[in-house]
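> Counting in my numbering, the sequence shown runs from 2 upward without gaps. Ideal Cβ placement from N, Cα and C applies to all residues, glycine included.
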Amino acid sequence: MTLVSIAELATVQQPFELQCRVSRKWTAYHAKKDTVISLDFILIDSEGNDIWAQIPLDSVRIFGSQLEEQKCYLLAKFKVTSTKEDFRPVPNPLMIQFNGDTTVQPIDPIPTAPPSKFRFIKAVDIPKYHNVTGDLLGWYPHYGASACY
2 MTLVSIAELA
12 TVQQPFELQC
22 RVSRKWTAYH
32 AKKDTVISLD
42 FILIDSEGND
52 IWAQIPLDSV
62 RIFGSQLEEQ
72 KCYLLAKFKV
82 TSTKEDFRPV
92 PNPLMIQFNG
102 DTTVQPIDPI
112 PTAPPSKFRF
122 IKAVDIPKYH
132 NVTGDLLGWY
142 PHYGASACY
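(1) To which residues of the same chain is Tyr144 closer than 7 Å at the C-beta, ignoring the five residues directly before and after it?
(2) List the DSSP bridge partners of Ile108.
(3) Quick one: is Leu138 buried, meaning 16 or more other Cβ sit within 10 Å of its Cβ, or exposed?
(4) If the criterion is Cβ atoms closer than 7 Å, does the pair Val153 and Leu19 meet it?
(5) In the DSSP assignment, what residue or residues form a beta bridge with Leu95?
(6) Leaving out five residues before and five after Pro110 in sequence, what residues of the same chain have Cβ atoms less than 6 Å from its Cβ?
(7) Rounded to a whole number of angstroms, what is the C-alpha to C-alpha distance between Phe88 and Leu58?
(8) Is Asp46 closer than 7 Å to Ile7 when the C-beta atoms are compared?
(9) Relative to the alpha-carbon of Thr28, which residue among Leu68, Pro16, Asn100, Pro112 has its alpha-carbon at the smallest distance?
(10) Using C-beta distances below 7 Å, list every residue in its chain close to Asn50, excluding the 5 sequence neighbours before and after it, in chain order.
(11) With 16 as the cutoff for other CB atoms within 10 Å, does Ser39 come out buried or exposed?
(12) Whole angstroms are fine: how far does the CA of Gln55 sit from the CA of Leu95?
(13) Taking Ala114 as the reference, which of Gly101, Asn100, Glu70, Asp102 has the closest Cα?
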């Protein structure tokens with residue numbers, strides 16, 4: 002199989018493999034129904050590119066315990082799709098979706114893959130977010146009234 006970077010995912014045909022570090026891992030909840038909808042990740046490759054990855058609820062039992070934050074993996078047979086419009090944790094227009102055929106193999110640490118990535122908002126974009134708090138502050142049953150979600 003061909004080894005690809007996150008930047009190449011849009012331009013290559015399956016089958017391919019991706020070496021990456023799990024930078025962040027969280028359980029996604031439906032805000033109104035208080036039910037788990039997926040297990041989500043931010044993956045970073047050796048070039049510092051990042052992408053959002055998601056394990057749907059029906060596959061969480063298969064993959065959830067296999068993936069740990071800050072560990073490195075070789076992934077194959079996953080689906081690459083456009084990211085969702087209502088939530089995008091990184092600017093990448095693509096996302097990875099695990100399925101029943103996805104394979105996960107632990108690998109040695111990738112020395113050039115950073116542990117995490119942070120982006121500051123551009124100063125010219127700050128006015129776009131003035132008085133936009135409805136999606137940021139509020140009640141979230143798992144964390145309490147002052148939590149951000």
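On the basis of the coordinates in this document:
(1) Bear in mind that a pLDDT of 48 at Tyr144, under 50, signals an unreliable position, so the number given afterwards is only what the model happens to contain. There are no such residues.
(2) The beta-bridge partner set that DSSP reports for Ile108 consists of Cys73.
(3) Note that Leu138 has pLDDT 42, beneath the 50 cutoff, so the model's placement of it is unreliable and no number is given.
(4) Outside the shown range of the chain (2 to 150) lies residue 153, about which nothing can therefore be said.
(5) Leu95 pairs with Ser83.
(6) Same-chain partners within the cutoff: Cys73.
(7) Rounded to whole angstroms, Phe88 and Leu58 show a C-alpha spacing of 17 Å.
(8) Yes, they are a contact pair.
(9) Of the candidates Leu68, Pro16, Asn100, Pro112, the one whose C-alpha sits nearest the C-alpha of Thr28 is Leu68.
(10) The beta carbon of Asn50 lies closer than 7 Å to those of Ser6, Ile7, Ala8 in the same chain, with the five residues before and after it left out.
(11) Ser39 comes out buried.
(12) One Cα belongs to Leu95, the other to Gln55, and the distance between them is close to 11 Å.
(13) Nearest C-alpha to Ala114: Glu70.
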